[in-house]
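Asks:
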Amino acid sequence: MKIQSLFFTLYGDYVKDSGGTISSKSLIVIFKEFGFSEGAIRAGLHRMKKAGLIVGIKGENRKVSYKLSEKGMLRLLEGTRRVYEKVRRRWDNKWRIVVYNIPENNRELRDRLRRELKWLGFGMLAQSTWISPNPIEDTLKNFINDHYGSSNGIQVDIFVATHLGEPKRLVEKCWNLSEVEQAYRAFLEKWTGVLEKVSSLKSNEAFVTRILLVHEYRKFLNIDPDLPEDLLPSNWIGYIAYDLFMKLREELTPKANEFFYKVYEP
Numbered sequence: 067m068k069i070q071s072l073f074f075t076l077y078g079d080y081v082k083d084s085g086g087t088i089s090s091k092s093l094i095v096i097f098k099e100f101g102f103s104e105g106a107i108r109a110g111l112h113r114m115k116k117a118g119l120i121v122g123i124k125g126e127n128r129k130v131s132y133k134l135s136e137k138g139m140l141r142l143l144e145g146t147r148r149v150y151e152k153v154r155r156r157w158d159n160k161w162r163i164v165v166y167n168i169p170e171n172n173r174e175l176r177d178r179l180r181r182e183l184k185w186l187g188f189g190m191l192a193q194s195t196w197i198s199p200n201p202i203e204d205t206l207k208n209f210i211n212d213h214y215g216s217s218n219g220i221q222v223d224i225f226v227a228t229h230l231g232e233p234k235r236l237v238e239k240c241w242n243l244s245e246v247e248q249a250y251r252a253f254l255e256k257w258t259g260v261l262e263k264v265s266s267l268k269s270n271e272a273f274v275t276r277i278l279l280v281h282e283y284r285k286f287l288n289i290d291p292d293l294p295e296d297l298l299p300s301n302w303i304g305y306i307a308y309d310l311f312m313k314l315r316e317e318l319t320p321k322a323n324e325f326f327y328k329v330y331e332p
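Residue numbers (my numbering): 67 to 332.
1. Quick check on G259: buried or exposed, where buried means 16 or more other Cβ atoms within 10 Å of its Cβ?
2. Within 10 angstroms of its Cβ, does F225 collect 16 or more other Cβ (buried), or is it exposed?
3. Determine, using beta carbons only, whether W241 and L314 come nearer to each other than 9 Å.
4. Among the candidates E247, F100, Y132, whose CA atom is the shortest distance from the CA of L72?
5. Using only the heavy atoms of the ligand SAH, determine whether one of them is closer than 8 Å to the beta carbon of R176.
6. How big is the Cα-Cα spacing for L111 and I69?
7. Relative to the alpha-carbon of G118, which residue among V130, H229, G125, L140 has its alpha-carbon at the smallest distance?
8. Cβ of H229 within 9 Å of Cβ of T75?
9. Start and end of the beta strand (DSSP E) containing Y80?
10. Quick check: V164 and L183, are their CB atoms within less than 9 Å of each other?
11. Does the contact criterion of 3 or more C-beta pairs under 8 Å hold for the region 288-298 versus the region 141-155?
12. Whether or not the region 197-213 and the region 125-133 are in contact is what I'm after, with contact meaning three or more pairs of Cβ atoms, one per stretch, closer than 8 Å; do they touch?
13. Could you tell me how far apart the beta carbons of F311 and Y283 are, in whole angstroms, since I believe they sit closer than 8 Å?
14. Using only CA atoms, which one of D309, L287, W302, D158 lies nearest to R147?
15. In this structure, does DSSP put T195 in helix, strand or coil?
16. Return the bridge partner residues of I306 from the DSSP annotation.
17. To the nearest angstrom, how far is the alpha carbon of K340 from that of G78?
18. Could you tell me which residues DSSP puts in a beta bridge with Y283?
19. Check the C-beta distance from I289 over to E317 and give it rounded, since I have them as a contact under 8 Å.
20. Could you check the C-alpha separation between K321 and Q193 for me, to the nearest Å?
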C-alpha cells in the first residue's frame, strides 16, 4: 500500500466524518501501524500536497493538520459512492459515450484520461471512444470540466444514446468479466476466514485489518465497471464478495473505532 492510497482509505472511512481534518501527529502514529517510517510518511504527504490532493493547515504550537482538497474530495466521494452504495439495479437501456480528440504530442494526458475513464467504469469501444451503461453523465461532466476543461487542444464530447444491437455483445467487447470474476474469487478465498478471527484481534489489529479490507476492496473500482444486473452473468460473484466485505467491515468496526479515536486528533 502506498501513502496516498492509505490516506484516501483512512480519510473516507474515518476523517471525513470526524471533522474533515487530521493532525500530522495522528497520521504518523496510524501509518506506523502499517510499517511506514516517519520519514516516508512525511515525504508521502509532501507529494500529495504538491499534487494538489491535500491541503496543510497550520495551527497553534506549530501543529500541522491535513484535509483533502476539492480535487481530492471529488475523487474520494465518487469512489466512496461506488464502494458503499453497490446495489442491484436494472439498466435504463442507454449508453453513455465519451469521444475525445487529444493531439499526439500530448500522449501523457491522453493516457491519464484513459486511466480515469476506466476508473469511472467505462470500457473502450474503439480508439478514443469509451462507453458505460451507468447513469454517470453528471459525474462525468464535472470530472471532465475539473480535470481537462482548461487543457489546450483537448476536445471531449459526451453523448447519451441507444444501441441497435445486442447489448451483451458490447459488454463482451469492452470488459473482461472473466478476469473480474477471478479477482472476486481470490478476494473471497482470502477474506472469508477472517470472520472467524475478529474476536481474537486487538484494537490496533482490528483497525489495520479493516483499513486493509477497504483498501483491497477499493481495487475493484479499477477493474469492475459495476454494470447493471441485467448485463451481468447470472449469480454474479461480485454481489457475494460485496456482502462479505460489508459483513466483515461491520464486525471489525467496534474494535477498529476504539483504536482510531484513541489516537485521533483533528
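Heads up, the beta-carbon is just placed ideally off N, CA and C, and yes, glycines get one too.
Replies: Inspection of the coordinates gives the following:
1. Start at 1 with the first residue of the sequence shown, and residue 259 comes out as number 193. Answer is exposed; the Cβ neighbour count stays below 16.
2. On the sequence shown, residue 225 is found 159 positions in, with the first residue counted as 1. The residue is exposed, with fewer than 16 neighbouring Cβ atoms inside 10 Å.
3. Residue numbering aside, residue 241 sits at position 175 when the sequence shown is read from its first letter. Residue numbering aside, residue 314 sits at position 248 when the sequence shown is read from its first letter. Result no, Cβ atoms of W241 and L314 do not sit closer than 9 Å.
4. In the sequence shown, counting from the first residue as 1, residue 72 sits at position 6. The residue with the shortest Cα to Cα distance from L72 is F100.
5. Within the structure as shown, the ligand SAH is missing, as the structure has no ligands at all.
6. By one-based count along the sequence shown, residue 111 stands at place 45. By one-based count along the sequence shown, residue 69 stands at place 3. Rounded to the nearest whole angstrom, the CA to CA distance from L111 to I69 is 7 Å.
7. In the sequence shown, the residue the question calls residue 118 occupies position 52. Cα-wise, what sits closest to G118 is L140.
8. Stepping through the sequence shown from its first residue, residue 229 is reached at position 163. Stepping through the sequence shown from its first residue, residue 75 is reached at position 9. Not a contact, by the Cβ cut-off of 9 Å.
9. The sequence position of residue 80 within the sequence shown is 14, counting from 1. Counting along the chain, Y80 falls outside any beta strand (DSSP E), and DSSP gives it neither H nor E.
10. On the sequence shown, position 98 is the one that residue 164 refers to. On the sequence shown, position 117 is the one that residue 183 refers to. Yes. Within cutoff.
11. yes
12. no
13. Here residue 311 refers to the residue found at position 245 of the sequence shown. Here residue 283 refers to the residue found at position 217 of the sequence shown. F311 to Y283, Cβ: 5 Å. Contact.
14. Taking the first residue of the sequence shown as position 1, residue 147 is located at position 81. Among D309, L287, W302, D158, the Cα nearest to that of R147 is on L287.
15. Locating residue 195 in the sequence shown gives position 129, counting from the first residue. Of the three classes helix, strand and coil, the one that applies to T195 here is strand, per DSSP.
16. Here residue 306 refers to the residue found at position 240 when the sequence shown is read from its first residue. For I306, which the question treats as bridged, DSSP gives no partner whatsoever.
17. The displayed coordinates of the chain run from 67 to 332. Any statement about residue 340 would go beyond what the structure contains.
18. Here the question's residue 283 lines up with position 217 in the sequence shown. Its beta-bridge partners do not exist; DSSP assigns none.
19. Here the question's residue 289 lines up with position 223 in the sequence shown. Here the question's residue 317 lines up with position 251 in the sequence shown. Rounded, the Cβ-Cβ distance is 26 Å, inconsistent with contact.
20. Numbered from 1 along the sequence shown, position 255 holds the residue referred to as residue 321. Numbered from 1 along the sequence shown, position 127 holds the residue referred to as residue 193. Approximately 49 Å, taken between the alpha carbons.
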